[in-house]
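A.B. asks:
Number of protein chains: 2
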Amino acid sequence: MPRAGLDPAAVVAAGAALADEVGLANLTMGLLAERVGVRTPSLYKHVSGQEDLNRRIAVLAMSQAADAMGSAIQGYAGRDALAAAARALRTFVMEHPGRYAATIGVEPSGPDDPLATEGRRAMDAFAAVLRGYEIEEPDVDHALRMLRSLCHGFATLQAAGGFQWSADIDESFEWLIAFTDQGLRALGQRRA
Amino acid sequence: MPRAGLDPAAVVAAGAALADEVGLANLTMGLLAERVGVRTPSLYKHVSGQEDLNRRIAVLAMSQAADAMGSAIQGYAGRDALAAAARALRTFVMEHPGRYAATIGVEPSGPDDPLATEGRRAMDAFAAVLRGYEIEEPDVDHALRMLRSLCHGFATLQAAGGFQWSADIDESFEWLIAFTDQGLRALGQRRA
DNA sequence: GCTTTTAGCTAACACCGTTAGCCAAACCTG
DNA sequence: CAGGTTTGGCTAACGGTGTTAGCTAAAAGC
Chain G
1 MPRAGLDPAA
11 VVAAGAALAD
21 EVGLANLTMG
31 LLAERVGVRT
41 PSLYKHVSGQ
51 EDLNRRIAVL
61 AMSQAADAMG
71 SAIQGYAGRD
81 ALAAAARALR
91 TFVMEHPGRY
101 AATIGVEPSG
111 PDDPLATEGR
121 RAMDAFAAVL
131 RGYEIEEPDV
141 DHALRMLRSL
151 CHGFATLQAA
161 GGFQWSADID
171 ESFEWLIAFT
181 DQGLRALGQR
191 RA
Chain Z
1001 MPRAGLDPAA
1011 VVAAGAALAD
1021 EVGLANLTMG
1031 LLAERVGVRT
1041 PSLYKHVSGQ
1051 EDLNRRIAVL
1061 AMSQAADAMG
1071 SAIQGYAGRD
1081 ALAAAARALR
1091 TFVMEHPGRY
1101 AATIGVEPSG
1111 PDDPLATEGR
1121 RAMDAFAAVL
1131 RGYEIEEPDV
1141 DHALRMLRSL
1151 CHGFATLQAA
1161 GGFQWSADID
1171 ESFEWLIAFT
1181 DQGLRALGQR
1191 RA
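If you're matching them up, the sequences are chains G and Z in order. Here my numbering is used: the first residue of the first sequence is 1, the next is one more, and so on. Here my numbering is used: the first residue of the second sequence is 1001, the next is one more, and so on.
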């Protein structure tokens, strides 16, 4: 019996890819084992269980989302940066619905948890966007939460098919960016 | 063996209540059966399976959320109505996290699906709010989607413990309402 | 009051996550 | 390169959960 040459990272990567394909709810240990060419119990040599697998997929997703947003906003500021970050996040969610779903409902165990680290890194992209609007300190935290809520809500609702009615969804998203940009600009000008 | 006198509605109501208590992920057929005082297979006389149960809980949640929002906005307009609707939805999600979670990821099978009907009814509350802002027609659909995304995103992120960092969450929510109100007012005044 | 329907039951199966325990492949170390 | 050690794979087995089949007795209808 030849070895498959697996390691935790490979298992997690395969799990994330499989989750994107079949949906996180249908990601089963047996299916993942089959995918990586191994019997089910062998997975437990690399991952301590399904919960651990889910957490690691979430960390991977956070990290990749942070990368995507971080590089998307480079060279832009203000509205362009906002649009770039928002589009990058939405694109990521649409292309990787399974791994993104893994991030919902997992709580970091502490500030050193990789989940928290990567989460902050993703937030940093939005924070950089806000810097371009010169918003006063007390408003920044709230604005950050708003951006996250908005993108998260829109992406998950679309991914779940929650927008049943007529208007074009891409158009709505661009409208939403414009709306937010105007609001943030108004907030920044209050300082003057 | 005396009868328990169950019917689908009773089973679904008990399931929703149980989901709120133990979390949707921990809602098991055995647990629900125990709760309603019956053996597990008996549930299948009222509900065709776990997926069906989930759908029905989602319909119930949609209906109740629509009721809560609808009655919350009565007598208000403009910013007050917006705040009332948003708070009603958030309160509902916080008080009934399990049944609300059941609504995530379920797609209506068609326009006559009760899920779609109740969903529209919930949207009607937001639509009524928007009427107070006198927004031009093409913008209404987009604004509706924005309101839904924002509330859904905020509520689910909070319910999942996704807001790890410092600032007060209630305060953020009120800030978010104010931000949206200003944006919508600006939109309405563009008409003049 | 008899028949029909139906809501409950027990028994059993399939599938999934997980653990225990074994064995051989890879990797050190002398 | 030979020896032991680590380790990544395997089979076997258990517990729990969703579900179906088939029976029986309680309720409903004529």
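Idealized CB from N, CA, C, for every residue including glycine.
Hey, is the stretch 1079 to 1092 of chain Z in contact with the stretch 1016 to 1036 of chain Z, meaning 3+ C-beta pairs nearer than 8 Å?
C.D. replies: The answer is no - the stretch 1016 to 1036 of chain Z does not touch the stretch 1079 to 1092 of chain Z, with fewer than three Cβ pairs under 8 Å.
A.B. asks: Measuring only the C-alpha atoms, how far is glutamate 51/G from isoleucine 57/G?
C.D. replies: Looking up residue 51/G in the first sequence gives position 51. Looking up residue 57/G in the first sequence gives position 57. Computed Cα separation, rounded: 10 Å.
A.B. asks: Phenylalanine 173/G and arginine 148/G: beta carbons closer than 8 Å?
C.D. replies: Here the question's residue 173/G lines up with position 173 in the first sequence. Here the question's residue 148/G lines up with position 148 in the first sequence. Their beta carbons are not under 8 Å apart, which means phenylalanine 173/G does not touch arginine 148/G by this criterion.
A.B. asks: May I ask you to report which of helix, strand or coil DSSP gives alanine 1077/Z?
C.D. replies: Numbered from 1 along the second sequence, position 77 holds the residue referred to as residue 1077/Z. If DSSP states are grouped into helix, strand and coil, alanine 1077/Z belongs with coil.
A.B. asks: For serine 1172/Z and chain G, any beta-carbon pair shorter than 8 Å?
C.D. replies: Here the question's residue 1172/Z lines up with position 172 in the second sequence. So, interface residue.
A.B. asks: Tell me which residues share the same chain as aspartate 7/G and place their Cβ nearer than 8 Å to its Cβ, disregarding the 5 neighbours each side in the sequence.
C.D. replies: Translated into positions along the first sequence, residue 7/G becomes position 7. Contacts found: His46.
A.B. asks: Answer yes or no: do leucine 43/G and alanine 16/G have a C-beta to C-beta separation smaller than 8 Å?
C.D. replies: Here residue 43/G is taken as the residue at index 43 of the first sequence, counted from 1. Here residue 16/G is taken as the residue at index 16 of the first sequence, counted from 1. No. Outside cutoff.
A.B. asks: Put proline 193/G into one of helix, strand or coil per three-state DSSP.
C.D. replies: The requested residue 193/G is not part of the displayed model; chain G covers only 1 to 192.
A.B. asks: Along chain Z, which residues have their Cβ under 9 Å away from the Cβ of histidine 96/G?
C.D. replies: Working through the first sequence from its first residue, we reach residue 96/G at position 96. Chain Z residues near histidine 96/G: none, gap ~16 Å exceeds 9 Å.
A.B. asks: What would DSSP say about glutamate 21/G, mapped onto helix, strand or coil?
C.D. replies: Translated into positions along the first sequence, residue 21/G becomes position 21. Reduced to three states, the DSSP call for glutamate 21/G is helix.
A.B. asks: Check this for me: beta carbons of alanine 122/G and isoleucine 135/G, under 8 Å apart or not?
C.D. replies: Start at 1 with the first residue of the first sequence, and residue 122/G comes out as number 122. Start at 1 with the first residue of the first sequence, and residue 135/G comes out as number 135. No, the pair does not count as a contact, with Cβ atoms beyond the cut-off.
A.B. asks: Would you call the CB atoms of valine 1129/Z and isoleucine 1073/Z closer than 8 Å?
C.D. replies: As a working mapping, residue 1129/Z is identified with position 129 in the second sequence. As a working mapping, residue 1073/Z is identified with position 73 in the second sequence. Against a cut-off of 8 Å, the Cβ pair of isoleucine 1073/Z and valine 1129/Z comes out as a contact.
A.B. asks: First and last residue of the alpha helix (DSSP H) that includes isoleucine 169/G?
C.D. replies: One-based indexing of the first sequence puts residue 169/G at position 169. Looking at the DSSP string, the run of the alpha helix (DSSP H) that includes isoleucine 169/G is 169 to 189.
A.B. asks: Since glutamine 182/G meets chain Z, which of its residues come closer than 8 Å, beta carbon to beta carbon?
C.D. replies: In the first sequence, the residue the question calls residue 182/G occupies position 182. Per Cβ cutoff of 8 Å: Gly1183, Ala1186.
A.B. asks: For methionine 146/G, verify whether its CB is less than 7 Å away from any heavy atom of the ligand MG.
C.D. replies: Ligands are entirely absent from the displayed structure, and the ligand MG is therefore not among its contents.
A.B. asks: So what's isoleucine 133/G in DSSP terms, helix, strand or just coil?
C.D. replies: Numbered from 1 along the first sequence, position 133 holds the residue referred to as residue 133/G. It is tyrosine, not isoleucine, that sits at residue 133/G in the sequence shown. In this structure, tyrosine 133/G counts as coil in the three-state DSSP scheme.
A.B. asks: State the start and end residues of the unbroken alpha helix (DSSP H) segment that holds glycine 105/G.
C.D. replies: Residue mapping note: residue 105/G aligns to position 105 of the first sequence, counting from 1. Where glycine 105/G is concerned, there is no enclosing alpha helix (DSSP H), given that its DSSP letter is neither H nor E.
A.B. asks: Tell me the residue span of the alpha helix (DSSP H) that contains glycine 1030/Z.
C.D. replies: Working through the second sequence from its first residue, we reach residue 1030/Z at position 30. Note, glycine 1030/Z: alpha helix (DSSP H), 1029 to 1036.
A.B. asks: Quick check on this structure: which residue in Arg1185/Z, His1152/Z, Gly1049/Z has the alpha carbon closest to the alpha carbon of leucine 195/G?
C.D. replies: With chain G covering 1 to 192 only, the question about residue 195/G has no answer from this structure.
A.B. asks: Could you check the C-alpha separation between glycine 1110/Z and glutamine 189/G for me, to the nearest Å?
C.D. replies: Counting from 1 along the second sequence, the entry for residue 1110/Z is found at position 110. Counting from 1 along the first sequence, the entry for residue 189/G is found at position 189. Those two C-alpha atoms are separated by around 46 Å.
A.B. asks: Give a yes or no on whether 8 Å exceeds the smallest Cβ distance from isoleucine 135/G to chain Z.
C.D. replies: As a working mapping, residue 135/G is identified with position 135 in the first sequence. By this cut-off, isoleucine 135/G is not an interface position.
A.B. asks: Looking at C-alpha atoms only, which residue of Glu1137/Z, Tyr1133/Z, Ile1177/Z is the closest neighbour of phenylalanine 1154/Z?
C.D. replies: Position 154 of the second sequence, counted from the first residue, corresponds to residue 1154/Z. The shortest C-alpha separation from phenylalanine 1154/Z is found at Ile1177/Z.
A.B. asks: When the Cα atoms are used, what is the spatial distance from glycine 1037/Z to glycine 1183/Z?
C.D. replies: The residue given as residue 1037/Z occupies position 37 in the second sequence. The residue given as residue 1183/Z occupies position 183 in the second sequence. Looking at the two C-alpha atoms, the distance is approximately 52 Å.
A.B. asks: Where threonine 1117/Z and proline 1108/Z are concerned, what is the direct C-alpha to C-alpha distance, given to the nearest angstrom?
C.D. replies: Within the second sequence, residue 1117/Z is the residue found at index 117, counting from 1. Within the second sequence, residue 1108/Z is the residue found at index 108, counting from 1. One C-alpha to the other measures close to 9 Å.
A.B. asks: Taking the straight line between their C-alpha atoms, what separation do you get for proline 114/G and alanine 19/G?
C.D. replies: One-based indexing of the first sequence puts residue 114/G at position 114. One-based indexing of the first sequence puts residue 19/G at position 19. The straight-line gap from Cα to Cα measures roughly 21 Å.
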